[in-house]
Each structure stands twice: as structure tokens, then as C-alpha cells.
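Chemist: Quick one: the structure is below, questions incoming.
Number of protein chains: 2
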Amino acid sequence: MKTSRIEAAWGGQAECQGCSIRDLALFADLQASDFNLIHLPIDELSLDPGQAVYHAEDEGHAVFTLRSGLIKLVQYLPDGSQRIVRLLRPGDTLGLEILVGQTYEHSALVLRPALLCRIPQDVVNRLSVETPRLHSQLMKRWHQSVRQADEWLTELSTGNAKARVARLLLTLASTGQQLAGRDSTGRDAVPYCRPTRLEDSEAYCDLFSREDVGAMLGVTTETASRTIAEFRRQGVLTDVQLNRYRCDIPALRRIAGDI
Amino acid sequence: MKTSRIEAAWGGQAECQGCSIRDLALFADLQASDFNLIHLPIDELSLDPGQAVYHAEDEGHAVFTLRSGLIKLVQYLPDGSQRIVRLLRPGDTLGLEILVGQTYEHSALVLRPALLCRIPQDVVNRLSVETPRLHSQLMKRWHQSVRQADEWLTELSTGNAKARVARLLLTLASTGQQLAGRDSTGRDAVPYCRPTRLEDSEAYCDLFSREDVGAMLGVTTETASRTIAEFRRQGVLTDVQLNRYRCDIPALRRIAGDI
DNA sequence: CGTAACATTGACGTCATTCAAGCGGTGTGG
DNA sequence: CCACACCGCTTGAATGACGTCAATGTTACG
Chain Z
1 MKTSRIEAAW GGQAECQGCS IRDLALFADL QASDFNLIHL PIDELSLDPG QAVYHAEDEG
61 HAVFTLRSGL IKLVQYLPDG SQRIVRLLRP GDTLGLEILV GQTYEHSALV LRPALLCRIP
121 QDVVNRLSVE TPRLHSQLMK RWHQSVRQAD EWLTELSTGN AKARVARLLL TLASTGQQLA
181 GRDSTGRDAV PYCRPTRLED SEAYCDLFSR EDVGAMLGVT TETASRTIAE FRRQGVLTDV
241 QLNRYRCDIP ALRRIAGDI
Chain F
1 MKTSRIEAAW GGQAECQGCS IRDLALFADL QASDFNLIHL PIDELSLDPG QAVYHAEDEG
61 HAVFTLRSGL IKLVQYLPDG SQRIVRLLRP GDTLGLEILV GQTYEHSALV LRPALLCRIP
121 QDVVNRLSVE TPRLHSQLMK RWHQSVRQAD EWLTELSTGN AKARVARLLL TLASTGQQLA
181 GRDSTGRDAV PYCRPTRLED SEAYCDLFSR EDVGAMLGVT TETASRTIAE FRRQGVLTDV
241 QLNRYRCDIP ALRRIAGDI
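So the protein lines, in turn, are chains Z and F.
Taking full-length UniProt numbering, the leading residue of the first sequence gets 1, the next gets one more, and so forth.
Taking full-length UniProt numbering, the leading residue of the second sequence gets 1, the next gets one more, and so forth.
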């Protein structure tokens with residue numbers, strides 16, 4: 001894990017204000033004067049696949065903004081098996097729950113090389129009482145979490161395995177995943193996969209390990225593998241590179257039951 | 001639907017402050033002075049099972065606090081089938097999403113006779129900028145929604161049908177459902193089912209229609225029916241009255257896989 | 001080159017869905 | 001008051017889907 005301090009932000013100005021994804025992030029609505037209220041360092045961290053941002057039950061004193069990469073939120077069941085409850089993409093906020101409780105409620109594990117900003121809880125609290133512009137962003141973030149949780153339930157945990165995999169592919173394709181790369185500030189930049197418009201009849205989409213696909217959909221690894229393999233044989237998915245496919249959107253729609 | 005206006009609350013004082021469930025509700029932390037900021041009427045409404053508080057996609061300008069009864073939040077799938085994504089109990093808040101968007105995102109349908117307070121969006125907004133005490137409650141409410149959504153996914157949408165039904169019964173029993181009755185302000189009051197402590201080896205629990213049970217767990221009505229019927233034959237559930245059962249908690253735990 | 005980790009596939013058993021029928025209660029109209 | 005229709009719950013039988021266990025193939029990496 002590499003950590004670098006954004007000194008400028010600590011000073012109160014710059015970096016955060018000039019951040020290339022600020023319009024996506026928690027601080028989107030902040031004004032110049034608001035940044036003077038930041039009195040603690042905002043660290044930037046870079047994590048590789050498999051590493052954890054935090055673990056469930058950990059005591060935490062920071063929320064995170066994901067700048068680039070992909071992260072899974074995992075919840076463990078009493079029997080030890082795991083269920084992925086959400087995916088986080090650039091602009092998303094992690095760990096909001098510590099603003100209400102003390103501990104993180106999921107494990108946040110990196111799926112694709114991730115760059116994050118660590119925002120101390122005190123910074124959020126301070127801004128929270130000083131400026132209403134953060135409130136509205138906080139509300140939006142919470143709202144987004146609830147919406148994603150509900151969608152996850154109705155779209156990815158309902159119906160048969162084929163329909164679930166198809167819906168997963170559709171959501172992955174339509175949200176426009178990042179191709180690879182590290183961040184979007186310029187350095188190491190790699191072109192984004194342009195967000196697929198739903199009108200397109202084909203799109204590209206990166207998949208994860210079959211185990212993760214299973215844990216997202218509430219099916220076994222084998223079922224996930226079988227279903228994806230069948231899609232490939234049927235030509236609904238075409239290999240582009242390892243775990244990257246071209247998707248036949250209309251076919252997926254049909255399978256997903258969206259008619 | 002019966003509606004009565006709480007004039008006193010409109011005046012800014014009384015009713016809300018003296019509300020018997022205020023410590024549970026959105027206004028829990030408000031202080032006397034804060035109530036002066038309420039410049040719009042807070043209506044109280046009483047709904048019967050089957051009626052809707054609001055429908056998905058409706059434009060909305062109010063949030064609701066549930067005073068008594070039970071409400072389901074339903075999301076419809078493209079194919080017309082429905083999935084219940086959350087249950088709301090006394091003290092819970094409905095419709096928070098209109099503070100961020102314009103429309104409600106679920107249909108809120110009454111399962112057991114319900115009494116609600118309708119809080120105009122403007123009241124929340126006004127209080128929101130004036131007092132931080134509402135913020136923290138709003139955050140708690142959002143947090144609660146996310147938590148329940150995540151639990152719903154990991155506990156009620158994972159594992160086989162027997163385990164799911166068992167977990168549903170456990171959550172219903174441990175949250176202490178209301179027996180019947182209309183509200184908790186005195187009139188028509190009926191004793192609550194004392195919240196079951198997890199140490200108890202048996203508890204009582206009210207169930208809903210098999211169709212609803214199925215829609216909560218992501219299984220068919222028949223599977224829900226068969227599973228419940230089997231639990232009754234095995235003595236895990238014992239009839240007390242129509243759709244009210246005594247539960248053998250340790251047995252349910254075993255079936256749920258909590259070991 | 002060998003090993004480990006992951007993906008695929010097969011065979012089999014179990015479980016859930018589907019379609020259909022029967023049962024019991026409730027409400028309505030004759 | 002009875003007959004009938006209706007609705008929700010239960011149950012059965014057949015089918016299909018998914019989970020399980022195990023073997024094989026594939027890729028990546030030391």
C-alpha cells in the first residue's frame with residue numbers, strides 16, 4: 001500500500017479543489033471558502049487487487065472517496081460464506097457508516113487497482129456543521145447506497161441464474177467500466193471505457209473471478225462459470241481478452257427478462 | 001383513508017413534542033425551539049391493510065413517520081413480479097428519497113393497520129438548514145435503510161428456502177412485532193408484543209400472506225407455503241391463532257445455519 | 001518446468017418451480 | 001338460508017434448475 005499526503009489539501013486549498021473527479025466526489029459542492037475548514041490531512045492511497053481498504057467490525061475514523069479502480073463491499077454470513085452487497089466505482093464514497101456508528105459494516109476489498117482519498121471523520125464532521133453543501137452531498141451518497149442495495153436485491157438476486165448473470169453484465173456494461181489504469185488525474189492514465197449507451201446493441205464489459213460473480217448473484221461458483229461459458233458458446237459473449245467480453249445487448253436483455 | 005390534522009404541531013408546539021414515539025421518530029433530537037420552525041401542517045393518516053401510502057414513481061412532497069402498524073416497501077420487476085425490499089415498523093421513516101430526488105422509489109403498502117404522520121418536505125428542508133439535530137437523525141435514518149437492505153440481502157436472499165424462512169421468523173420474532181391495535185398514543189391501544197430477547201427459547205411471531213413471504217425471500221408462494229407447513233408439522237412453529245405462531249428459537253437457529 | 005490458482009465440465013442428487021387440483025373460509029346474490 | 005364463487009392456503013406429481021463432489025483443462029508465476 002502506497003500512501004502519499006496531499007499537503008495542499010491539508011493547507012486548505014488546491015488538490016481537492018482542482019481534483020479531476022471532484023464533481024463526482026463527496027466534495028463536489030464545496031466552495032473555495034469551505035476548503036479552509038479542512039484542518040486535517042487527506043491522504044491518498046493506492047491499493048492492489050486483493051488488498052482491503054478496511055474490514056468489517058474495524059473501528060474507523062475515516063471515510064474514503066474512490067478515485068479510480070473497483071472495490072467490492074463484502075458481508076460475511078454466520079456460516080463463513082460471503083456475499084458481495086455492492087460494487088464501488090470512481091466517485092463513490094466508502095465507509096459512511098462510521099459517521100453514525102463506530103465500526104465499518106463491510107469489508108471493502110479491491111477488485112481492480114484502486115486509488116482512494118482518505119478523509120478523516122473530523123473533517124466531515126467539521127464541514128458538516130459549517131456548510132449545508134456537504135449535507136446535501138451526504139444525503140445523495142446515502143441515497144445512492146440505498147438505491148444500489150435495492151437494485152442489487154431486485155435485479156441481481158431474483159430470477160434464475162441466467163437472468164441474474166445477464167442483468168449483471170448489463171449493469172456492468174451500462175455503467176461504463178474502467179478499462180484498466182490507475183487514476184484519472186493524468187499520470188498513468190488509461191482511456192476509460194466510454195459509458196455504454198443503452199441504445200447500443202453491443203458493449204464491452206470486464207468480468208471478475210467466477211467466485212466473485214457467484215457471490216454477487218447468490219449462486220455457486222460452478223453455476224456462474226457454467227452460465228458464462230454457455231453465453232460464450234451461444235455468442236452472447238465474445239472473448240476480447242482474458243475476462244473481457246463483447247456483449248450482445250439485445251440478447252442479454254431478452255435473457256434478463258426485460259423483454 | 002382517514003386524515004386528521006395535528007393543529008398543535010402546526011402551531012409549532014405540542015403534539016410532536018409530546019408524541020409518545022418521538023424518541024423513536026425523525027424528530028427525536030429536536031428541542032423546544034426547533035418546533036417553532038414547523039410552519040406547515042403535519043397530517044396524521046390512518047390506513048388499512050392493502051392501502052398504499054404512495055406508489056413508485058409518484059411525485060412526492062412529504063416524508064412519513066410510521067407511528068404504528070406494519071408497512072412493506074415493494075419494488076416491481078420488469079416482468080411484473082414484485083419483490084419486497086424492506087419492512088417498516090413504528091418509528092421508521094418512509095420516503096426519504098424525495099429529499100434527494102422527486103419521486104418515490106417504491107410502493108409503500110400497508111400490511112397491518114397503520115397510523116402515520118405526513119411531514120411536508122419543506123418542513124424537513126427548513127429544519128435541515130436550521131438545526132444540526134435533524135441532520136444526525138436523517139443520517140441515522142439513511143443508515144438504517146442501508147443496513148436493513150444489506151441484511152435483507154445476506155440473510156433473507158441467501159441459502160435455501162428453509163434457511164430463509166427460518167431467518168425471516170427469527171428477525172420477526174426478535175424485533176418484537178406489534179400484536180394488532182391501531183396506535184400507541186392511548187386510544188385503541190393494544191399491548192405490544194414485548195420485543196423478544198434472543199436468549200428466550202421461544203417467541204411469538206405474526207406472519208403475512210404466503211405470497212408476501214415469498215416476495216420477501218425471493219421464492220414462490222408454493223415454496224413459502226410448503227416450508228411453513230413443514231415447520232408446523234415438525235413443531236418448530238405452533239399455531240396460536242390465524243397466522244400467529246409460537247416459534248422454537250433454537251430449532252430455527254439451527255435451520256437458519258447460525259449453528 | 002512445476003506448482004498453484006482459477007475455470008471448465010461431467011455426473012449425480014437435491015431442491016425449487018411449475019401446473020394443477022383440492023380444501024376451507026368468507027362474502028354475495030338468489 | 002343456502003348455493004355459489006372467490007380467495008388464500010395446502011398438497012401432489014413432474015420437470016427443470018441448481019448445488020455438490022470430483023476430475024480435467026488452462027493460465028500465471030516462481
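Glycine included, every Cβ here is placed at the ideal spot set by N, Cα and C.
Could you tell me whether the region 217–231 of chain Z touches the region 153–162 of chain Z, using the rule of 3 or more Cβ pairs below 8 Å?
Modeler: Enough Cβ pairs lie closer than 8 Å, so yes.
Chemist: Anyone know if the C-beta pair for ILE42(Z) and ILE98(Z) falls short of 7 Å?
Modeler: Contact: no.
Chemist: Rounded to whole angstroms, what's the CA-CA distance from ARG232(F) to ARG126(F)? Just pull it up for me.
Modeler: Near 52 Å, if we compare the C-alpha coordinates of ARG126(F) and ARG232(F).
Chemist: For a contact meaning CB atoms closer than 7 Å, what does HIS39(F) contact in chain Z?
Modeler: Those within 7 Å of HIS39(F) in chain Z number zero; the least Cβ separation is about 19 Å.
Chemist: Might you give, ordered along the chain, the residues of its own chain that have their beta carbon closer than 7 Å to the beta carbon of ALA256(F), omitting 5 neighbours on each side?
Modeler: Answer for ALA256(F): ALA163, ALA166, ARG167, LEU170, listed in chain order.
Chemist: Quick one: what does DSSP say ILE228(F) is sitting in, helix, strand or coil?
Modeler: It is helical.
Chemist: Identify, in the order they occur along the chain, each residue of the same chain with its Cβ nearer than 7 Å to the Cβ of ASP58(F), setting aside the five sequence neighbours on each side.
Modeler: Counting only Cβ-Cβ distances below 7 Å, and skipping sequence neighbours, we find THR103, TYR104.
Chemist: So what does DSSP say about GLU155(F), is it helix, strand or coil?
Modeler: Note: GLU155(F) maps to helix in three-state DSSP.
Chemist: Kindly indicate which residue of TRP142(Z), HIS143(Z), VAL124(Z), SER68(Z) has the alpha-carbon position closest to the one of ASN36(Z).
Modeler: Per the Cα distances, VAL124(Z).
Chemist: Put VAL124(F) into one of helix, strand or coil per three-state DSSP.
Modeler: Three-state result, VAL124(F): helix.
Chemist: So GLN75(F) is in the beta strand (DSSP E); what residue range does that whole segment cover?
Modeler: Per DSSP, GLN75(F) belongs to the beta strand (DSSP E) from 62–76.
Chemist: Which chain F residues are close to LEU99(Z), counting only those with a beta carbon under 7 Å from its beta carbon?
Modeler: Residues of chain F passing the Cβ test: MET139.
Chemist: Spatial neighbours of SER184(Z) within its chain, please: CB distance less than 8 Å, with the 5 preceding and 5 following residues excluded, ordered by chain position.
Modeler: With a pLDDT of 39 at SER184(Z), under the threshold of 50, the predicted position of this residue should be treated as unreliable, though the coordinate-derived value follows. SER20, ILE21, ARG67, SER68, PRO90, TYR192.
Chemist: Would DSSP call LEU96(F) helix, strand or coil?
Modeler: Residue state, collapsed to three classes: helix.
Chemist: Buried or exposed: ASP23(Z), going by 16 or more other Cβ atoms within 10 Å of its Cβ?
Modeler: ASP23(Z) should be labelled exposed.
Chemist: Considering only their Cβ atoms, is the gap separating ASP248(Z) from VAL240(Z) smaller than 7 Å?
Modeler: No. Outside cutoff.
Chemist: Assuming GLN137(F) contacts ARG86(F) under a Cβ cut-off of 8 Å, what Cβ separation, rounded to an integer in Å, is found between them?
Modeler: About 18 Å separates the two Cβ atoms, so there is no contact after all.
Chemist: Against chain F, which members of the region 119–131 of chain Z pass a CB distance test of less than 8 Å?
Modeler: Residues SER128, VAL129.
Chemist: When you compare only the Cα positions, how much space is there between LEU88(F) and ARG112(F)?
Modeler: Cα to Cα, LEU88(F) sits roughly 11 Å from ARG112(F).
Chemist: How big is the Cα-Cα spacing for ASP122(Z) and LEU115(Z)?
Modeler: Their backbone Cα atoms lie some 21 Å apart in a straight line.
Chemist: So which residues of chain Z does ALA173(F) contact, with C-beta pairs closer than 9 Å?
Modeler: Those do not exist, as ALA173(F) stays about 17 Å from chain Z at its closest Cβ, beyond 9 Å.
Chemist: Could you spell out where the beta strand (DSSP E) holding THR238(Z) opens and where it closes?
Modeler: Element bounds for THR238(Z): 237–241.
Chemist: Quick check on the DSSP output: the alpha helix (DSSP H) that includes LEU47(Z) runs from which residue to which?
Modeler: Taken as a continuous stretch (DSSP letters only), LEU47(Z) belongs to no alpha helix (DSSP H), being part of the beta strand (DSSP E) at 42–47.
Chemist: Closer than 8 Å by beta-carbon distance: list the chain F residues that pair up with GLY257(Z), in chain order.
Modeler: Those within 8 Å of GLY257(Z) in chain F are LEU77, PRO78, ASP79.
Chemist: State the Cα-Cα distance for the pair LEU207(Z) and VAL213(Z), rounded to the nearest angstrom.
Modeler: Whole-angstrom Cα-Cα distance: 8 Å.
Chemist: Going by the beta-carbon positions, is the gap between ARG141(F) and LEU30(F) smaller than 7 Å?
Modeler: In this structure, LEU30(F) does not lie closer than 7 Å to ARG141(F) by Cβ.
Chemist: On a CA-only basis, which of ARG253(F), ASP79(F), GLY50(F), VAL146(F) is nearest ALA203(F)? Give me that one, please.
Modeler: For the residues ARG253(F), ASP79(F), GLY50(F), VAL146(F), the minimum Cα distance to ALA203(F) belongs to ARG253(F).
Chemist: Less than 7 Å between the C-beta atoms of GLY95(Z) and PHE64(Z), yes or no?
Modeler: Cβ distance < 7 Å, so GLY95(Z) and PHE64(Z) count as in contact.
Chemist: Given a threshold of 16 other Cβ atoms within 10 Å of its Cβ, counted over all protein chains shown, does ALA189(F) qualify as buried or as exposed?
Modeler: In this prediction, ALA189(F) has a pLDDT of 36, which is less than 50 and means its spatial position is unreliable; what the coordinates show is noted afterwards. Exposed is the call here.
Chemist: Taking 7 Å as the CB-CB cut-off, is ALA163(F) touching chain Z?
Modeler: No, ALA163(F) does not count as interfacial toward chain Z.
Chemist: Between which two residues does the alpha helix (DSSP H) harbouring LEU88(F) extend?
Modeler: That residue, LEU88(F), is in no alpha helix (DSSP H); its beta strand (DSSP E) goes 82–88.
Chemist: Have a look at GLU222(Z), CYS16(Z), ALA56(Z) and flag the residue whose alpha-carbon is nearest the alpha-carbon of HIS39(Z).
Modeler: That would be CYS16(Z), whose Cα lies nearest to the Cα of HIS39(Z).
Chemist: Strictly by DSSP, which residues pair up with CYS117(F)?
Modeler: Beta-bridge pairing links CYS117(F) to GLU44(F), THR65(F).
Chemist: Starting from the Cα of SER209(F), find the closest Cα among GLY80(F), THR131(F), VAL110(F), ASP150(F) and give me that residue.
Modeler: Comparing Cα positions, the closest option is VAL110(F).
Chemist: Whose C-alpha, out of ALA28(Z), THR131(Z), GLY60(Z), LEU70(Z), is nearest the C-alpha of THR175(Z)?
Modeler: Measuring from the Cα of THR175(Z), the nearest candidate turns out to be LEU70(Z).
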